[in-house]
Amino acid sequence: MSKSRAKVALPSRDFRLYGRLMSYVMPYKWYFILGLALVGLFALTTPAVAVLMKPLLDGSFVERDPRYILWTPIILVILFAIRGIASYLHGVCMSWVLGYVVYDVQLAMIDRMIALPTRFYDEFPAAQIMQRISADVNELADTASTVVITVIRESLTIIGLLVWIFILDWILSLTLLIATPLIAMLVSFVARRLRVLYRDFMQMGGQFLAHLQEVTAYHRLVKLYQKQDYERERLRRYANRVRQLKLKQAVANHVTIPAAEFISTVVIACTVYFSLTRDLTDPLTVGGFVSFMAALALISSSLKKLLRINEMLQRGLVAAERVFFLIDQNTEVDEGQRSFADGKVAGHIAFDNVSFMYSKSSKSSLENVSLQIDARQTIALVGSSGSGKSTLTSLIPRLYELQEGTLTIDGVDVRDYTLAQVRKQVALVSQDIFLFDDTVAANIAYGDIDNTTDEKIRAAAKAAYALDFIEKLPDGFDTMIGERGVRLSGGQKQRIAIARAFIKDAPILIFDEATSSLDTTSEFQVRKALDALGVGRTVIIVAHRLSSIEKVDRICVLHEGQIVEDGTHRELMALRGHYYKLYTVYSEEL
Ligand SMILES: Nc1ncnc2c1ncn2[C@@H]1O[C@H](COP(=O)(O)OP(=O)(O)OP(=O)(O)O)[C@@H](O)[C@H]1O
Ligand SMILES: [Mg+2]
7 MSKSRAKVAL PSRDFRLYGR LMSYVMPYKW YFILGLALVG LFALTTPAVA VLMKPLLDGS
67 FVERDPRYIL WTPIILVILF AIRGIASYLH GVCMSWVLGY VVYDVQLAMI DRMIALPTRF
127 YDEFPAAQIM QRISADVNEL ADTASTVVIT VIRESLTIIG LLVWIFILDW ILSLTLLIAT
187 PLIAMLVSFV ARRLRVLYRD FMQMGGQFLA HLQEVTAYHR LVKLYQKQDY ERERLRRYAN
247 RVRQLKLKQA VANHVTIPAA EFISTVVIAC TVYFSLTRDL TDPLTVGGFV SFMAALALIS
307 SSLKKLLRIN EMLQRGLVAA ERVFFLIDQN TEVDEGQRSF ADGKVAGHIA FDNVSFMYSK
367 SSKSSLENVS LQIDARQTIA LVGSSGSGKS TLTSLIPRLY ELQEGTLTID GVDVRDYTLA
427 QVRKQVALVS QDIFLFDDTV AANIAYGDID NTTDEKIRAA AKAAYALDFI EKLPDGFDTM
487 IGERGVRLSG GQKQRIAIAR AFIKDAPILI FDEATSSLDT TSEFQVRKAL DALGVGRTVI
547 IVAHRLSSIE KVDRICVLHE GQIVEDGTHR ELMALRGHYY KLYTVYSEEL
């Protein structure tokens, strides 16, 4: 375990966490206060039972006073009726409030997750985000309600009981003061240990989940490379580490109650000895003594409940830390105010001296790129793998923020527009095809969910040369295509993605050709679909199959993040430079 992780949160950080959680309680404060009042009422009934012991014994047993004999049991019954009702109501009330608090926290997390920059997703494993939004929030929900109710109820009970024993015999009650710091020290020690262990546990759980997710998603790869044993062993190691961490938690946690019990028993034993050997003019009555002992026993039982909650509290706090970590992430920068005059741009794009690197430590993926694309022009972007083609295209819809240089659409810096406005202008069919585990129709409609109709979906599918195969699917447009479209072929997936771009009907179209090769028929169909989609739009085609772009008016060649050549196929071939090399290698491979 690294040193920094072994460091424990300062109490002030805990208070900040409580404070933040309380800010989520504020909208429901009246219900919360009502819940607290009911908890308080419940808590008071416990000392009342101890108090009743005295008249019960002194009045009914010793003096046999008929009034006491009649009223004590009646009061006892009333007391327990109040206790039962208060217990039920505070349970319902608090669960209601905390249910909403957790729901609001979850909504805040979802809001944040949706608005996170692409860069965050590049660096932070998706499984960890999912774990925080599902498991951690529920952990928070489960622990918060129990912790709040128990801490308040048991602390109030203990305070009430302490007041009573102080009234009964203050000298005796002072003996308790010896136990308090001892138990407090024990609890805080265990709390620190548990906190560290929980952090590690959740971290490990996240890694386990991420790995599980990969192994299930890539099960074909695992089979093809015969890595079943290897993966089984890796997963077993995760499971074993999780088991060990759980055991360590149990070891730390289970020491609390026996140790605290031992401390309190020693204190009770001292108290008994002390009270029986003391020589006083006004000794405790039998009832007083029994009542005192009953109060001690009740304190001990409440204390046990409080100690048990310590473990839960630490778990909840770790969950809260993880939840707020996500909520505290910066969202995408969206400071632009402008929107396009008539809702759509003409589609003139200009990169001016743009440089870009994914992280400070890596080398530039783009260097001083200047590129002008006229409105409604089609250009092809070519270059060897890793030359920066996808990077360049992802800057247009502002998936990443520019670091140097400017990018304008129709002469206006993209940062001056709102994000929503820019993204509305761009339809990007990316190199990896993203499809949802939903129907074909729903995946196409995703391009414009609000205004789409069955006819539009059909027309888009037709234009994308996808109608034929869709109609042959078992349920046509209603066929479920499986996770990431596993039930479709590569070319079919691409055409669905193109149909989705059709529906979006944006003035700028970017097609980042998938590198997986398609058969000639599929390629031909995809190309035709693209030609149809490109009419009247600014089109950027990132091409790997150079044969298909020979007819494109303009070809730009990227090499190591820089634009090195720009012209028609014929011009570039004549140059005998980068394009010529790419093309000859490509032709030889055919
Ligand atoms: N998300 C990312 N985080 C960090 N580095 C990245 C990321 N995406 C790409 N890179 C790096 O940026 C450089 C350019 O990558 P890019 O994806 O733009 O290449 P490309 O020209 O599209 O290649 P290909 O033809 O293989 O698709 C590469 O060196 C790559 O390692
Ligand atoms: Mg690429």
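Quick note: the sequence shown uses our numbering, first residue 7, plus one each step. Even for Gly, the Cβ is constructed at its ideal location relative to N, Cα and C.
Using only alpha-carbon positions, find the residue among the options that is nearest to residue i.
{"i": "Leu-405", "options": "Phe-126, Phe-475, Phe-483", "result": "Phe-126"}
{"i": "Pro-61", "options": "Val-108, Val-296, Leu-473", "result": "Val-296"}
{"i": "Ala-472", "options": "Ile-514, Phe-530, Arg-70", "result": "Phe-530"}
{"i": "Leu-377", "options": "Asp-511, Ser-370, Lys-350, Ile-415", "result": "Ile-415"}
{"i": "Ala-470", "options": "Leu-200, Ala-451, Asp-443, Phe-508", "result": "Phe-508"}
{"i": "Phe-67", "options": "Gly-293, Ser-306, Val-257", "result": "Gly-293"}
{"i": "Ser-101", "options": "Asp-148, Gln-343, Gly-496", "result": "Asp-148"}
{"i": "Asp-454", "options": "Lys-430, Glu-477, Thr-384", "result": "Lys-430"}
{"i": "Pro-79", "options": "Met-59, Thr-186, Leu-434, Tyr-94", "result": "Met-59"}
{"i": "Ala-466", "options": "Ala-448, Asp-481, Glu-338", "result": "Ala-448"}
{"i": "Gln-600", "options": "Ala-54, Arg-159, Val-108, Val-196", "result": "Outside the modelled stretch of the chain, which goes from 7 to 596, sits residue 600, for which no answer is possible."}
{"i": "Gly-542", "options": "Glu-566, Val-228, Lys-534, Leu-515", "result": "Leu-515"}
{"i": "Glu-317", "options": "Ile-173, Val-261, Ser-361, Thr-485", "result": "Val-261"}
{"i": "Ala-347", "options": "Tyr-423, Glu-267, Ser-306", "result": "Tyr-423"}
{"i": "Lys-534", "options": "Glu-129, Ala-505, Ser-270", "result": "Ala-505"}
{"i": "Tyr-34", "options": "Tyr-106, Val-57, Arg-70", "result": "Tyr-106"}
{"i": "Leu-85", "options": "Val-57, Leu-253, Lys-350", "result": "Val-57"}
{"i": "Lys-252", "options": "Met-208, Arg-582, Lys-462, Gln-343", "result": "Met-208"}
{"i": "Asp-537", "options": "Val-492, Ala-301, Glu-477, Arg-501", "result": "Arg-501"}
{"i": "Leu-241", "options": "Val-532, Val-257, Leu-441, Gly-212", "result": "Gly-212"}
Which whole-angstrom value describes the C-beta separation of residue i and residue j, a residue pair presumed to lie in contact below a C-beta threshold of 8 Å?
{"i": "Ile-561", "j": "Val-388", "result": "6 Å"}
{"i": "Val-435", "j": "Ala-503", "result": "5 Å"}
{"i": "Val-153", "j": "Met-210", "result": "About 23 Å separates the two Cβ atoms, so there is no contact after all."}
{"i": "His-217", "j": "Tyr-244", "result": "6 Å"}
{"i": "Arg-1", "j": "Val-324", "result": "Lying outside 7 to 596, the shown extent of the chain, residue 1 is not represented and no answer is given."}
Looking at chain C, is there any beta carbon in it that lies within less than 7 Å of the beta carbon of residue i?
{"i": "Gly-294", "result": "Reference to chain C is not applicable here, since this structure consists of a single protein chain."}
Report buried or exposed for residue i, applying the criterion of at least 16 other Cβ atoms within 10 angstroms of its Cβ.
{"i": "Met-191", "result": "exposed"}
{"i": "Leu-539", "result": "buried"}
{"i": "Lys-587", "result": "exposed"}
{"i": "Gly-322", "result": "buried"}
{"i": "Asn-336", "result": "exposed"}
{"i": "Trp-170", "result": "buried"}
{"i": "Arg-205", "result": "buried"}
{"i": "Phe-331", "result": "exposed"}
{"i": "Phe-308", "result": "Looking at the sequence provided, one finds Ser at residue 308 rather than Phe. Classification for Ser-308: buried."}
{"i": "Ala-520", "result": "buried"}
{"i": "Arg-138", "result": "buried"}
{"i": "Asp-117", "result": "exposed"}
{"i": "Ala-600", "result": "Nothing can be reported for residue 600, as the shown portion of the chain is limited to 7 through 596."}
{"i": "Gly-115", "result": "Note that residue 115 is Met in the sequence shown here, rather than Gly. Buried: at least 16 other Cβ atoms inside 10 Å."}
{"i": "Ala-223", "result": "exposed"}
{"i": "Gln-234", "result": "exposed"}
{"i": "Val-432", "result": "buried"}
{"i": "Arg-73", "result": "exposed"}
{"i": "Lys-499", "result": "buried"}
{"i": "Val-428", "result": "buried"}
Residue i by DSSP, collapsed to three states: which one?
{"i": "Glu-519", "result": "coil"}
{"i": "Glu-239", "result": "helix"}
{"i": "Tyr-423", "result": "strand"}
{"i": "Glu-373", "result": "strand"}
{"i": "Ser-361", "result": "strand"}
{"i": "Val-435", "result": "strand"}
{"i": "Gly-417", "result": "coil"}
{"i": "Asp-481", "result": "coil"}
{"i": "Gln-568", "result": "strand"}
{"i": "Gln-213", "result": "helix"}
{"i": "Ile-487", "result": "coil"}
{"i": "Val-492", "result": "coil"}
{"i": "Leu-122", "result": "coil"}
{"i": "Gly-6", "result": "Any question about residue 6 goes unanswered here, given that the chain covers just 7 to 596."}
{"i": "Val-339", "result": "coil"}
{"i": "Gln-378", "result": "strand"}
{"i": "Gly-573", "result": "strand"}
{"i": "Leu-290", "result": "coil"}
{"i": "Ala-447", "result": "helix"}
{"i": "Ala-303", "result": "helix"}
{"i": "Arg-344", "result": "strand"}
**Q.** Validate contact between the stretch 351-364 and the stretch 158-167 using beta carbons, cut 8 Å, 3 pairs
**A.** no
Q) Is it true that the stretch 44-57 meets the stretch 89-99, where meeting means three or more beta-carbon pairs spaced less than 8 Å apart? A) yes
Q. Quick one: any contact between the stretch 393-410 and the stretch 551-561, if contact means 3 or more CB pairs under 8 Å?
A. no
Q: Tell me, please, whether the stretch 31-47 touches the stretch 154-161 by the rule of three or more beta-carbon pairs shorter than 8 Å.
A: yes
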